[in-house]
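Residue numbers (the working numbering): 2 to 158.
Spelled out as structure tokens, the structure:
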């Protein structure tokens with residue numbers, strides 16, 4: 002059984018790890034690094050309601066600064082991925098299809114390929130600032146000369 006001070010200390014470690022961008026659960030998570038189980042964190046938060054606000058604020062920060070982990074991309078990687086996709090669209094590629102901007106960007110950045118609809122979810126939900134850039138690239142793609150010189154057919158793998 003841990004004392005209240007020990008619980009506060011552990012929760013503070015978890016909050017600090019969350020602010021650094023570590024995920025809440027999973028491999029390499031804030032709970033694992035603090036040396037406790039994920040369920041233990043919530044039990045401690047129930048015992049110490051004064052730490053709940055700080056924990057929730059850290060989780061909110063985490064949403065905008067998540068690091069890459071085993072099964073998910075970090076925010077910075079998603080942003081770079083979207084910028085590369087938008088650049089290929091501006092050069093004449095489409096978002097969908099066998100030789101799409103999504104496939105080319107994934108190959109260039111050595112990232113996992115995402116479904117084309119995921120790109121639109123990211124633009125709508127997470128990266129609203131890139132949405133206008135995407136629209137401008139889409140309009141530029143309509144230029145027939147761009148489609149003729151598009152680099153979309155250059156996938157060799």
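Each residue gets a CB set at the ideal place from its N, CA and C atoms; glycine is no exception.
Simplified DSSP state of residue i, which is helix, strand or coil
| i | result |
| --- | --- |
| residue 50 | helix |
| residue 38 | coil |
| residue 76 | helix |
| residue 119 | helix |
Proximity of residue i and residue j at Cβ, strictly below 8 Å
| i | j | result |
| --- | --- | --- |
| residue 56 | residue 11 | no |
| residue 116 | residue 124 | no |
| residue 20 | residue 62 | yes |
Same chain, Cβ closer than 7 Å to residue i, five either side skipped, listed in chain order
| i | result |
| --- | --- |
| residue 106 | 82, 85, 86 and 89 |
| residue 113 | 107 |
| residue 59 | 16, 19 and 20 |
Residue span of the alpha helix (DSSP H) that contains residue i, given as start and end
| i | result |
| --- | --- |
| residue 136 | 132-142 |
| residue 96 | Unbroken run through residue 96: none, as it is neither H nor E. |
| residue 18 | 5-21 |
| residue 112 | Residue 112 -> no alpha helix (DSSP H), and no H or E assigned at all. |
Cβ-based neighbour list, residue i, same chain, cut-off 6 Å, excluding 5 preceding and 5 following
| i | result |
| --- | --- |
| residue 34 | 18 |
| residue 162 | Residue 162 cannot be examined here, being either before or after the span of the chain that is shown, 2 to 158. |
Alpha carbon of residue i to alpha carbon of residue j, nearest angstrom
| i | j | result |
| --- | --- | --- |
| residue 96 | residue 130 | 19 Å |
| residue 36 | residue 74 | 24 Å |
| residue 182 | residue 94 | Outside the displayed span of the chain (2 to 158) sits residue 182, for which this structure offers no information. |
| residue 111 | residue 128 | 21 Å |
| residue 144 | residue 138 | 10 Å |
Cβ neighbours of residue i in the same chain (closer than 8 Å, five flanking residues each side left out)
| i | result |
| --- | --- |
| residue 120 | 83, 86, 96 and 103 |
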